[in-house]
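Residue numbers for the sequence shown follow the numbering used here, beginning at 1 and rising by one.
Positions of the beta carbon are idealized from the N, C-alpha and C atoms, including for glycine.
Everything on this sheet refers to the single structure shown next.
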Amino acid sequence: MDKRFQYHFEPGKGWMNDPNGLIQYRGIYHAFFQYNPYDIKWGPMHWGHATSSDLLHWQEQEIALSPTEDYEDEGGCFSGSAIEKDGKLYLFYTSVSHALGQTQSLAISEDGVTFTKYEHNPIIRNFPVGDATKDFRDPKVFAYGNEYRMILGTIYGGCGRVLQYRSKDLTQWDYMGVLYESSDYHDVIECPDLFPLQDKWVLLYSRIEPGDRHVQFLIGDFDGERFVPSSAQLPEMGPQFYASQTFLSEDNRRILISWFYDWIRQPVPGSPSAGALTIPREVSLDETEDLCLYPVDSAKQFLEELPLDSSVHQKVGVQLCASPDCVQMISQHATSQCYQGPVEKVEILTDAKAVEVFINNGHHNYSIWGH
Numbered sequence: 001m002d003k004r005f006q007y008h009f010e011p012g013k014g015w016m017n018d019p020n021g022l023i024q025y026r027g028i029y030h031a032f033f034q035y036n037p038y039d040i041k042w043g044p045m046h047w048g049h050a051t052s053s054d055l056l057h058w059q060e061q062e063i064a065l066s067p068t069e070d071y072e073d074e075g076g077c078f079s080g081s082a083i084e085k086d087g088k089l090y091l092f093y094t095s096v097s098h099a100l101g102q103t104q105s106l107a108i109s110e111d112g113v114t115f116t117k118y119e120h121n122p123i124i125r126n127f128p129v130g131d132a133t134k135d136f137r138d139p140k141v142f143a144y145g146n147e148y149r150m151i152l153g154t155i156y157g158g159c160g161r162v163l164q165y166r167s168k169d170l171t172q173w174d175y176m177g178v179l180y181e182s183s184d185y186h187d188v189i190e191c192p193d194l195f196p197l198q199d200k201w202v203l204l205y206s207r208i209e210p211g212d213r214h215v216q217f218l219i220g221d222f223d224g225e226r227f228v229p230s231s232a233q234l235p236e237m238g239p240q241f242y243a244s245q246t247f248l249s250e251d252n253r254r255i256l257i258s259w260f261y262d263w264i265r266q267p268v269p270g271s272p273s274a275g276a277l278t279i280p281r282e283v284s285l286d287e288t289e290d291l292c293l294y295p296v297d298s299a300k301q302f303l304e305e306l307p308l309d310s311s312v313h314q315k316v317g318v319q320l321c322a323s324p325d326c327v328q329m330i331s332q333h334a335t336s337q338c339y340q341g342p343v344e345k346v347e348i349l350t351d352a353k354a355v356e357v358f359i360n361n362g363h364h365n366y367s368i369w370g371h
């Protein structure tokens with residue numbers, strides 16, 4: 001049986017992947033997540049639910065969303081986001097059915113515990129023909145001025161795209177067009193997120209690559225209609241790091257959490273669950289507009305600094321070696337990662353069966369399962 005994490009969230013049983021609906025609501029942090037309660041592999045998607053007062057110790061709650069409606073009768077309740085309005089918690093998710101395919105739906109809660117699906121779901125029933133395909137998912141909703149915006153991932157003409165909608169009331173949505181597209185990326189964009197950071201905007205999304213999945217970060221400008229990138233960055237290289245989502249805490253920190261697992265890894269026989277959430281990271285820009293992803297304050301007590309003397313350190317099935325110009329990381333599963341460049345500081349966060357590596361105060365990071 002696999003070891004259990006001490007301070008990373010993992011469900012008591014079943015399979016989990018993407019974090020969804022990250023929010024601080026009435027002072028409590030909420031993390032929803034893609035969840036199959038019936039097996040330790042991907043299956044009919046539910047929304048699992050966990051809460052925390054410090055982003056470190058999580059309590060699993062009752063399942064928030066189950067695929068009970070006819071517009072969810074194929075894949076279930078896929079990924080999405082959360083927002084608060086008038087004291088209520090709104091969950092937006094992609095509902096998947098045989099009849100309609102991927103549509104966007106809504107559930108509402110007045111207490112953060114019990115959720116009622118909107119009676120007029122799906123709130124977006126059809127993808128925009130000519131701009132998208134049937135791969136049309138992962139709504140991220142945020143306030144913008146005196147209205148709300150929703151972005152979704154898709155693909156069209158062999159080009160990954162992010163689409164944008166607007167709403168005044170969170171139920172009626174109008175299509176605005178293509179927010180961003182990339183001819184360099186030839187598959188569906190997953191889990192997009194758009195947010196202001198200092199005086200810039202950041203668009204992040206998850207990329208499906210042959211043999212590799214990672215999270216792309218774009219720094220740029222947003223005028224309310226289009227996002228124009230000025231730089232592309234990969235501050236986190238995984239390999240067990242995907243489907244990132246951010247939220248703004250009540251004290252104005254931009255916090256990011258990702259799926260801590262991958263689609264290739266096989267669960268240890270006898271394990272009750274598969275998948276976890278990364279340690280939450282605070283997102284910031286340095287003076288050169290480089291992104292930094294660094295553990296939140298409550299997790300810093302677990303950081304251990306490695307000497308830059310090329311000595312070898314064994315941590316939960318991962319071999320680490322740091323020098324002033326290189327950091328090497330090799331797991332017992334023959335997963336090899338290497339950072340080459342100026343190294344001023346290397347810190348690691350170790351927990352039961354995995355290591356998160358933070359180079360130069362979060363400028364270059366790696367999340368690696370060992371056991």
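Name the residue from ARG166, LEU197 and PHE92 whose alpha carbon lies nearest to the alpha carbon of GLU287.
-> LEU197
Taking only the alpha-carbon atoms, compute the straight-line gap between GLN245 and ASP309 and give it to the nearest angstrom.
-> 35 Å
Output yes or no for whether 9 Å exceeds the beta carbon distance between TRP259 and PRO11.
-> no
Through-space distance from TYR71 to LYS345, alpha-carbon basis | 50 Å
Taking the alpha-carbon positions, what's the GLN332 to GLU305 distance?
-> The straight-line gap from Cα to Cα measures roughly 22 Å.
Have a look at CYS292, ASN252 and ARG26 and flag the residue whose alpha-carbon is nearest the alpha-carbon of SER52.
-> Nearest Cα to SER52 within the set CYS292, ASN252 and ARG26: ARG26.
Check the DSSP bridge columns for ASP193 and list the partner residues they point to.
-> LEU204
Is any heavy atom in the ligand ATP found nearer than 8 Å to the beta carbon of MET176?
-> What this structure holds is no ligand at all, so the ligand ATP is not there to describe.
Beta-carbon proximity check, SER271 vs LEU56, cutoff 9 Å | no
Would the region 157 to 167 and the region 88 to 102 be scored as touching if the rule is three or more Cβ pairs under 8 Å?
-> no
If you draw a straight line from the alpha carbon of LEU158 to that of PHE78, how long is it in whole angstroms?
-> For the record, residue 158 in the displayed sequence is Gly; it is not Leu. Those two C-alpha atoms are separated by around 23 Å.
Thinking C-alpha only, which one of ALA132, ARG281 and GLY370 is nearest VAL268?
-> GLY370
Where SER66 sits in the DSSP three-state scheme | coil
Which value, in whole angstroms, describes the spacing of the CA atoms of LEU22 and TYR366?
-> One Cα belongs to LEU22, the other to TYR366, and the distance between them is close to 22 Å.
For VAL343 and CYS326, believed in contact at Cβ under 8 Å, the rounded distance | 7 Å
Can you tell me which of the three DSSP states GLN6 falls into?
-> Here GLN6 sits in coil by DSSP.
By DSSP, does GLU344 sit in helix, in strand, or in coil?
-> GLU344: coil per DSSP, three-state reduction.
Using the rule of at least 16 other Cβ atoms within 10 Å of the residue's Cβ for burial, across every protein chain shown, is TRP15 buried or exposed?
-> buried
Mind reading off the beta-carbon distance from PRO139 to THR94? Whole number of angstroms is fine, and I expect it under 8 Å.
-> That belief holds up - the Cβ atoms of PRO139 and THR94 are roughly 7 Å apart, short of 8 Å.
Reference ASN129; option with closest CA among ASN146, ARG137 and TYR156 = Sequence check: residue 129 is Val here, not Asn. Of the candidates ASN146, ARG137 and TYR156, the one whose C-alpha sits nearest the C-alpha of VAL129 is TYR156.
Indicate the three-state DSSP secondary structure (helix, strand or coil) for GLU110 in the structure shown.
-> coil
Got a sec, what are the start and stop residues for the beta strand (DSSP E) GLY14 sits in?
-> Counted as a single uninterrupted DSSP element, the beta strand (DSSP E) harbouring GLY14 occupies residues 14 to 25.
Inspect the beta-carbon positions of HIS214 and GLU181 and report whether they are closer than 9 Å.
-> no
Beta strand (DSSP E) segments (min. 3 residues) lying fully within the region 281 to 358 = 281 to 285, 291 to 295, 303 to 305, 312 to 315, 318 to 323, 326 to 331, 336 to 340 and 346 to 351
Quick one: measure Cβ to Cβ for ASP187 and GLY160, integer angstroms, because I've assumed they're closer than 8 Å.
-> 6 Å
Bridge partner(s) assigned by DSSP for VAL129 = Beta-bridge pairing by DSSP links VAL129 to ALA132.
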